[in-house]
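Before any comments, here is the structure.
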Amino acid sequence: MKTCILHLLICCLTLGGYAQSSSSINYDVKGLIADSVTHKPLDFVTVGLKTDKNTPLKSALTKSDGSFSFSDIKQGKYLITIVSAGYQPKIITVDLTDSTKKLKDLGIINIVTRTNKLKEVVVTAEKPLIKQEVDRITYDLQADPESKSSNVLEMMRKVPLLSVDGDDNILLKGNSGYKIFINGKPSSMMERNPKDILKSMPASSIQSIEVITNPPSKYDAEGLVGIINIVTNKKVDNGYNGSININQRFPAGGPGTGGSFTYKQGKFGLSSFGGGSISNSPVTESNSFRTTTGQSSTNLAQFSTRESDRKTGYFGTEVSYEIDSLNLISGQFNINGNQSEGLNQQSSLLKDQSDILQAYNLGSNNEGRGNGLDAALNYQLGFKKNKARLLTFSYRFYTYENKQTNFLTTSDRVNYETPDYNQFNNGGSSEQTFQVDYVHPVKKLTIEAGLKGIVRNNQSDFQFRSFDTDSKQFILDPARTNKFDNNQNVFGAYNTYQYNLKNWGFKAGFRIERTIIDADFISAASQVEQKYFNVVPSVNINRKFKDMSSLNFGFTQRVQRPGIHQLNPFVDRSNPNFESTGNPNLHPTVNNMFQLGYTRSKKGSFNFMVGYMLFDDLIMPVSVTDPATFITRNSYDNTGKARAIITNFNINYPVTKKMNFSLNGGIGHGRVEGLVNGSLVKNQGFMYHISSTSGYRLENNWRVNASMNIHGPNLSIQGTSNSFISSSFSVNKDLVKDKLSFSASANNPFAKYRTNHTETFGPNFTQESDNQTYYRSFNTSLNYRFGKLKATIKKNKRGINNDDISRGSGL
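So this is what it looks like as structure tokens:
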């Protein structure tokens with residue numbers, strides 16, 4: 057009996073000692089908070105520690121790298137609460153009962169932008185349309201009801217700093233020198249004629265549009281005024297979801313469809329989007345009047361009609377596989393194509409003071425076909441000690457080709473001896489990109505560095521065939537036929553530093569780039585060689601205030617390298633009196649850009665930005681008239697010097713509980729000068745664009761919207777264009793809540809046509825042109841959503857961004 061009692065006492069003492077030892081163990085908890093869509097770490101997020109009975113114990117704010125930690129926590133079960141403005145609250149259960157694991161690492165915790173739909177009387181919980189960050193502004197299309205009945209190009213009129221001119225060309229801060237990305241990466245579908253793709257892309261399939269106003273050094277130096285990033289990613293967890301949109305636009309336009317799909321199962325994730333459209337443009341009219349000056353002045357009058365049909369399709373997908381918490385593989389694939397047919401009829405009359413010098417009627421059949429493809433593979437390596445530390449290896453292949461044919465026949469000739477002719481131009485581009493990126497956070501400092509190499513090839517094979525009256529066949533003209541091969545290699549390195557304090561944020565860096573260009577005219581046996589070196593700095597400063605406002609300052613240099621269409625020496629003679637060609641001798645342009653912005657968000661939001669830009673050797677379109685041949689030749693040259701002051705503003709305000717109002721616009725003044733055919737040409741003027749939108753929620757899930765846009769003149773070195781006003785009215789209704797919605801809209805119901813009037817001048821000529829386009833249109837749309845998911849596909853946080861080629865520039 058004594059022995060049993062002794063054993064019992066020993067066991068009790070042992071257990072008591074163990075209990076005392078266990079209770080004295082202290083645990084630590086840490087993690088990192090990130091945005092579920094962009095995967096960017098979030099600072100100043102409130103993180104709370106509570107008991108499993110919901111009793112508060114501790115709270116903390118995340119650091120600049122998104123990290124947080126709690127220490128000296130007793131053994132037990134706890135709750136981690138995460139709260140941040142604009143995001144859904146999140147609660148995580150933490151079990152601290154394993155004495156062998158004193159550190160609980162929660163890893164990266166993704167929080168989701170607030171999307172919950174409350175009752176109509178509670179407006180404060182609606183998703184904000186605009187989000188201001190240090191170097192970019194984000195417009196949330198999913199928070200805008202008009203996205204259900206509009207395409208992406210139409211919605212761009214409402215995005216801060218963006219505008220769309222009378223020819224549907226997108227302008228960023230009044231300039232066309234920018235790049236367009238899809239999900240943070242370049243895409244072949246945005247290289248040639250992005251407005252056609254954006255017209256066919258339903259806005260309901262897009263999550264947001266980011267305007268990167270002052271790109272940091274990690275981006276290539278190209279893009280004179282910034283980057284437009286279209287985000288298609290959807291929130292996903294295990295399972296799938298997606299959307300399908302069917303729309304019809306008439307009388308000009310046609311049927312279209314588009315959608316998105318996401319899937320995730322375990323460590324595998326997939327996100328894709330695609331669509332297509334058929335666009336028919338009925339007959340419209342245009343005219344042009346040119347007057348030459350000098351000893352023998354002339355007057356040219358041309359009257360034209362045109363009609364066209366176009367088909368466009370696109371598909372893109374992203375795939376990721378998470379090997380483990382530190383190793384991630386992802387890839388992207390995009391493909392697109394288009395086909396067009398057009399018919400033009402033109403009458404031309406050239407006179408001097410008293411006699412007819414030349415006259416003819418011209419018929420032109422145009423055919424075009426293009427396709428593009430790009431694919432990328434990324435490997436991302438994380439580190440155990442700090443999961444915000446990343447090393448990424450990336451490879452990307454990209455190619456596209458564009459074939460154009462033009463068949464011209466002439467009748468009713470007066471002093472016009474040029475035989476009928478056909479033009480063929482097969483152009484294309486391909487490139488391979490290799491890139492390494494490294495991110496290293498050190499407390500409040502984040503260091504980024506990277507290396508990049510681009511091997512690019514541009515080609516053009518153009519032919520000119522004249523009709524031979526003897527053989528009754530079209531014969532190749534060697535003097536107007538050539539093959540153009542342009543090789544461009546760009547090697548770059550960058551270094552960026554970001555440091556965040558409580559109310560201050562600093563981001564600065566620099567980028568160095570070496571460019572080597574070899575251009576061969578194979579048939580003409582001539583060659584052009586260029587080599588240049590650029591050092592590009594970038595500085596961003598952000599100051600936050602207690603009244604939910606912030607001040608941003610930015611400075612950067614940007615480089616514009618000429619693209620294939622600007623370099624291609626192919627001469628387009630589809631209008632015998634006006635020839636268009638590229639210039640293979642173009643060299644890069646450098647832009648110095650300063651900007652200061654202010655943002656305030658309370659009941660509504662207010663954004664204001666003022667910028668100053670200086671351009672030297674600006675690549676500008678130039679027009680020269682030859683008095684001997686009566687031909688105006690349009691090309692490009694590094695002839696421009698420009699200065700511009702531009703202000704942009706955006707206001708979003710809930711007028712009542714059911715009505716909201718937004719105002720978006722910009723006003724600027726530009727000066728440009730340059731040599732045209734040896735003569736100094738100057739031009740200056742004001743530019744502006746204003747877009748206002750108002751929406752009202754009715755009963756039974758109905759909503760009506762109205763918008764008006766005012767777009768001022770465009771300014772170039774040799775001309776300007778007229779201003780115009782557009783309007784739109786739409787109505788939409790959820791037929792099945794959160795599943796099926798119907799939308800209808802009327803665009804410009806008060807005017808059937810719009811006339812785009814341009815004025816061009818040179819040392820020895822003036823010209824006025826009027827181009828008519830269909831303006832009035834009606835659109836109907838059905839949008840179906842399926843699936844129910846919660847989080848986001850994990851992707852590499854670094855990848856290839858080839859933003860070093862521009863499509864053009866202007867003020």
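Residue numbering for the sequence shown follows the numbering used here, beginning at 57 and increasing consecutively. The beta carbon of each residue, even a glycine, is placed where N, CA and C say it ideally should be. Please read these numbers as outputs of a predicted model, since none were measured by experiment.
1. Helix, strand or coil: which one does DSSP assign to R617?
2. Go ahead and pull the three-state DSSP assignment for K204.
3. In the DSSP assignment, find the alpha helix (DSSP H) that holds D252 and state where it starts and stops.
4. If I measure Cβ to Cβ from P640 and keep anything under 6 Å in the same chain, skipping five residues before and after, which residues do I get?
5. Could you give the residue range of the beta strand (DSSP E) that holds M665?
6. Spatial neighbours of T180 within its chain, please: CB distance less than 6 Å, with the 5 preceding and 5 following residues excluded, ordered by chain position.
7. For the putative contact between Q401 and S342, defined by C-beta atoms under 8 Å, what is the C-beta separation to the nearest angstrom?
8. Considering E266, what are the terminal residues of the beta strand (DSSP E) in which it resides?
9. So what does DSSP say about A535, is it helix, strand or coil?
10. Suppose the cutoff is 7 Å on Cβ atoms and the five residues either side in sequence are ignored; what does the same chain contact list for K204 look like?
11. Excluding the five sequence neighbours on either side, which residues of its own chain have a C-beta within less than 6 Å of the C-beta of E824, listed in chain order?
12. From the DSSP secondary-structure annotation, give me the bridge partner or partners of K528.
13. Contact between the region 414 to 430 and the region 389 to 397 is defined here as three or more beta-carbon pairs at a separation below 8 Å; is this criterion met?
14. Am I right that T465 and G419 are in contact with their C-beta atoms under 8 Å? What's the rounded C-beta distance?
15. Relative to the alpha-carbon of P683, which residue among S264, R452, T347 and S606 has its alpha-carbon at the smallest distance?
16. Starting from I578, follow the beta strand (DSSP E) in both directions and report where the run begins and ends.
17. Quick check on S79: buried or exposed, where buried means 16 or more other Cβ atoms within 10 Å of its Cβ?
18. Counting beta carbon pairs with one atom in the region 369 to 379 and one in the region 322 to 333, are three or more of them shorter than 8 Å?
19. Examine the Cβ distances between the region 247 to 258 and the region 518 to 535 and report whether three or more of them are shorter than 8 Å.
20. Which partner residues does K114 have in the DSSP bridge list?
21. Beta carbon of N458, beta carbon of G438: below 8 Å?
22. I want to check one thing, is the minimum distance from the CB of G667 to the heavy atoms of the ligand COA below 7 Å?
23. Output the distance between the C-alpha atoms of N559 and F611, rounded to the nearest integer angstrom.
24. Between the region 263 to 277 and the region 806 to 813, do three or more beta carbon pairs fall short of 8 Å?
25. Hey, quick one: how far does the beta strand (DSSP E) through K367 stretch, first residue to last?
26. Taking only three categories from DSSP, how would you classify K229?
27. Report all residues from its chain with a CB closer than 7 Å to the CB of S337; omit the five preceding and five following residues, and keep chain order.
28. Going by DSSP, which residues form a beta bridge with N631?
29. If I measure Cβ to Cβ from D517 and keep anything under 7 Å in the same chain, skipping five residues before and after, which residues do I get?
30. Got a sec, what are the start and stop residues for the beta strand (DSSP E) P311 sits in?
31. Would DSSP call A141 helix, strand or coil?
32. If I'm right that A700 touches G726 with Cβ under 8 Å, what's the distance once you round it to whole angstroms?
33. DSSP on Q586, reduced to helix/strand/coil?
34. If you draw a straight line from the C-alpha of A75 to the C-alpha of K130, how long is it?
35. By alpha-carbon positions, which one of D99, S120 and D84 ends up nearest to Y555?
36. Spatial neighbours of Q304 within its chain, please: CB distance less than 6 Å, with the 5 preceding and 5 following residues excluded, ordered by chain position.
Put simply:
1. The sequence position of residue 617 within the sequence shown is 561, counting from 1. R617 falls in the coil class under three-state DSSP.
2. For the purposes of this step, residue 204 is taken as residue 148 along the sequence shown, with counting starting at 1. It is helical.
3. The sequence position of residue 252 within the sequence shown is 196, counting from 1. Taken as a continuous stretch (DSSP letters only), the alpha helix (DSSP H) holding D252 covers P250 to S256.
4. Along the sequence shown, read from residue 1 onward, the residue named residue 640 stands at position 584. So the qualifying residues of the chain are A575, V584, L623 and P625.
5. The residue labelled residue 665 in the question sits at position 609 within the sequence shown. It spans S661 to D682 - the beta strand (DSSP E) in which M665 sits, taken as one unbroken run.
6. Residue mapping note: residue 180 aligns to position 124 of the sequence shown, counting from 1. Unreliable placement is indicated for T180, whose pLDDT of 36 sits below 50; the coordinate value is still reported in the next sentence. Same-chain partners within the cutoff: there are none.
7. For this step, residue 401 is matched to residue 345 along the sequence shown. For this step, residue 342 is matched to residue 286 along the sequence shown. With a Cβ gap of about 11 Å, Q401 and S342 do not count as contacting.
8. Reading the sequence shown from its first residue, position 210 is the one you call residue 266. From DSSP, the beta strand (DSSP E) with E266 extends over S264 to I268.
9. Within the sequence shown, the letter at position 479 stands for residue 535. Residue state, collapsed to three classes: helix.
10. As a first step, residue 204 must be located in the sequence shown, where it is residue number 148. Answer for K204: S260, N788, S797, S799, S837 and N839, listed in chain order.
11. Working through the sequence shown from its first residue, we reach residue 824 at position 768. Contacts found: F345 and E815.
12. Residue numbering aside, residue 528 sits at position 472 when the sequence shown is read from its first letter. For K528, which the question treats as bridged, DSSP gives no partner whatsoever.
13. yes
14. On the sequence shown, position 409 is the one that residue 465 refers to. On the sequence shown, position 363 is the one that residue 419 refers to. Their Cβ separation, rounded to whole angstroms, is 5 Å, which keeps T465 and G419 in contact under 8 Å.
15. Counting from one through the sequence shown, the residue named residue 683 turns up at place 627. Ranking the options by Cα distance to P683, first place goes to T347.
16. Locating residue 578 in the sequence shown gives position 522, where the first residue counts as 1. Premise fails: I578 is in no beta strand (DSSP E) and is neither H nor E.
17. If you number the sequence shown from 1, residue 79 lands on position 23. Only weak support is given to the placement of S79: the predicted model assigns it a pLDDT of 44, under 50, and the value that follows is read from those uncertain coordinates. S79 comes out exposed.
18. With a cut-off of 8 Å, the region 369 to 379 and the region 322 to 333 count as touching, because enough Cβ pairs lie within range.
19. Under the Cβ criterion (8 Å, minimum of three pairs), the region 247 to 258 does not count as touching the region 518 to 535.
20. Start at 1 with the first residue of the sequence shown, and residue 114 comes out as number 58. Answer by DSSP bridge pairing, in chain order: L105.
21. By 1-based counting over the sequence shown, the position of residue 458 is 402. By 1-based counting over the sequence shown, the position of residue 438 is 382. No, these two residues do not count as a Cβ contact at 8 Å.
22. What this structure holds is no ligand at all, so the ligand COA is not there to describe.
23. In the sequence shown, counting from the first residue as 1, residue 559 sits at position 503. In the sequence shown, counting from the first residue as 1, residue 611 sits at position 555. Distance between the alpha carbons of N559 and F611 is about 20 Å.
24. no
25. Position 311 of the sequence shown, counted from the first residue, corresponds to residue 367. In the DSSP assignment, K367 falls within the unbroken beta strand (DSSP E) covering T354 to E378.
26. One-based indexing of the sequence shown puts residue 229 at position 173. It is coil, neither helix nor strand.
27. Residue mapping note: residue 337 aligns to position 281 of the sequence shown, counting from 1. Answer for S337: A308, E363, S364 and Y830, listed in chain order.
28. As a position in the sequence shown, residue 631 is number 575, starting the count at 1. Note: N631 sits in a beta bridge opposite F634.
29. Here residue 517 is taken as the residue at index 461 of the sequence shown, counted from 1. Correct list, in chain order: N482 and K539.
30. Against the sequence shown, residue 311 aligns to sequence position 255. Annotation for P311: the continuous beta strand (DSSP E) segment containing it runs P311 to Q321.
31. Against the sequence shown, residue 141 aligns to sequence position 85. Here A141 sits in coil by DSSP.
32. Translated into positions along the sequence shown, residue 700 becomes position 644. Translated into positions along the sequence shown, residue 726 becomes position 670. Rounded, the Cβ-Cβ distance is 4 Å, consistent with contact.
33. For the purposes of this step, residue 586 is taken as the residue at position 530 of the sequence shown. It is a strand residue.
34. Within the sequence shown, the letter at position 19 stands for residue 75. Within the sequence shown, the letter at position 74 stands for residue 130. Any reading at A75 must be qualified, since the residue scores a pLDDT of 39, below 50, and its modelled position is unreliable; no value is offered.
35. Within the sequence shown, residue 555 is the residue found at index 499, counting from 1. Out of D99, S120 and D84, S120 has the C-alpha closest to the C-alpha of Y555.
36. For the purposes of this step, residue 304 is identified with residue 248 of the sequence shown, where counting begins at 1. So the qualifying residues of the chain are P311 and T836.
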